[in-house]
Structures are given as structure tokens and as C-alpha cells.
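In case it helps, the numbering used here puts the sequence shown at residues 1492 to 1610.
Beta carbons are placed, not taken as given, at the ideal position from N, Cα and C, and that holds for glycine.
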Amino acid sequence: MKAATAPAFDRRHFDCPHCGALAEQVWLNAYAAPIANAEGLPLRIAGAGLEQLRHNPQYPPEVRERKVAYWERVNGGAVFLDRWTPVETDLFVAGMELSVCRTCFGTAVWLGGRMIYPN
Ligand SMILES: [Zn+2]
1492 MKAATAPAFD
1502 RRHFDCPHCG
1512 ALAEQVWLNA
1522 YAAPIANAEG
1532 LPLRIAGAGL
1542 EQLRHNPQYP
1552 PEVRERKVAY
1562 WERVNGGAVF
1572 LDRWTPVETD
1582 LFVAGMELSV
1592 CRTCFGTAVW
1602 LGGRMIYPN
């Protein structure tokens, strides 16, 4: 039997899988929007592209560092909330929810009521 504070789909407080604290979790529904770039493919900046970004004089150093850190997190498989362009959509992702820790803002992904990220 699971501990009373283990992460669970029917709890608003549980041991955060990121920071380990017994913390309040905010549950979020997921919505989807079509990828709108010219290729119609998910965007990733890695390898040579990431090196180019790392040395791109178009951005001030702190902006470059923030962008590189973002892509390194994404490329490392992290799932997290980020502000992007506002979208309007009615595509609801049924069967998938997110929980976000109020203490560390770590995001967990739940499919079919089971936490699949982080594992
Ligand atoms: Zn946490």
C-alpha cells in the first residue's frame, strides 16, 4: 500500500516527485494547439544550432544564457511550464493532466491517472 503522502491522482497534497517536500499540488488540464512553424514539426534547438545560439551576438549574454539553459532542459527530457505565445484552442487533451508543486514549481505528467513523469 502506498504511503499516505505518496503522489496520487486523487490528492492535492503529496510528496513532490521533484523536491521531495510534502507540498500542495495544483492540477492542470492540458490543451493542444497545432505546431505552427513552417515545417509543422516540433521545434528543438540542439547540436550545432544550440552552439550557434550560444554565440549569437544578436542577443545580450544573459538572454543567450537563458535561451541555452531552456533548450538544454528541453533536450534533457524535462517537462515544465513556460510562458509562450497565447493560443486559443478547443483541443482538450483527454486522459492527460499535469500537477505542479506549489513549493518548487516542478511539473508532473499524468496519463490515465498514473504519473509518468518524472519517473
Ligand atoms: Zn516540489
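If distances are taken between C-alpha atoms only, which option among the options comes closest to residue i?
| i | options | result |
| --- | --- | --- |
| Asn1528 | Val1554, Ala1495, Thr1576 and Ala1494 | Thr1576 |
| Thr1594 | Asp1506, Arg1502 and Thr1496 | Asp1506 |
| Ala1523 | Ser1590, Val1578, Met1606 and Trp1601 | Val1578 |
| Pro1508 | Gly1531, Arg1605 and Ala1599 | Ala1599 |
| Cys1592 | Tyr1561, Gly1604, His1504 and Pro1551 | His1504 |
| Leu1534 | Phe1500, Asn1610, Pro1498 and Tyr1561 | Tyr1561 |
| Leu1513 | Pro1548, Ala1537, Pro1498 and Lys1493 | Pro1498 |
| Arg1555 | Val1517, Gln1543 and Arg1574 | Gln1543 |
| Phe1500 | Ala1537, His1546 and Arg1605 | Arg1605 |
| Ala1537 | Pro1525, Glu1553 and Arg1564 | Arg1564 |
Which class does residue i belong to by DSSP, given the choice of helix, strand or coil?
| i | result |
| --- | --- |
| Glu1588 | strand |
| Arg1574 | coil |
| Ala1560 | helix |
| Arg1605 | strand |
Under 8 Å between the Cβ atoms of residue i and residue j?
| i | j | result |
| --- | --- | --- |
| Val1570 | Ala1521 | no |
| Cys1510 | Gly1597 | yes |
| Val1559 | Arg1545 | yes |
> At which residue ranges does the region 1501–1543 contain complete beta strand (DSSP E) runs of 3 or more residues, listed in the order of the chain?
Replying inline: 1504–1506 and 1513–1523
> Can you pull every residue whose C-beta falls closer than 6 Å to some heavy atom of ligand 1, listed in chain order?
Replying inline: Cys1507, His1509, Cys1510, Ala1512, Ala1514, Cys1592, Thr1594, Cys1595 and Gly1597
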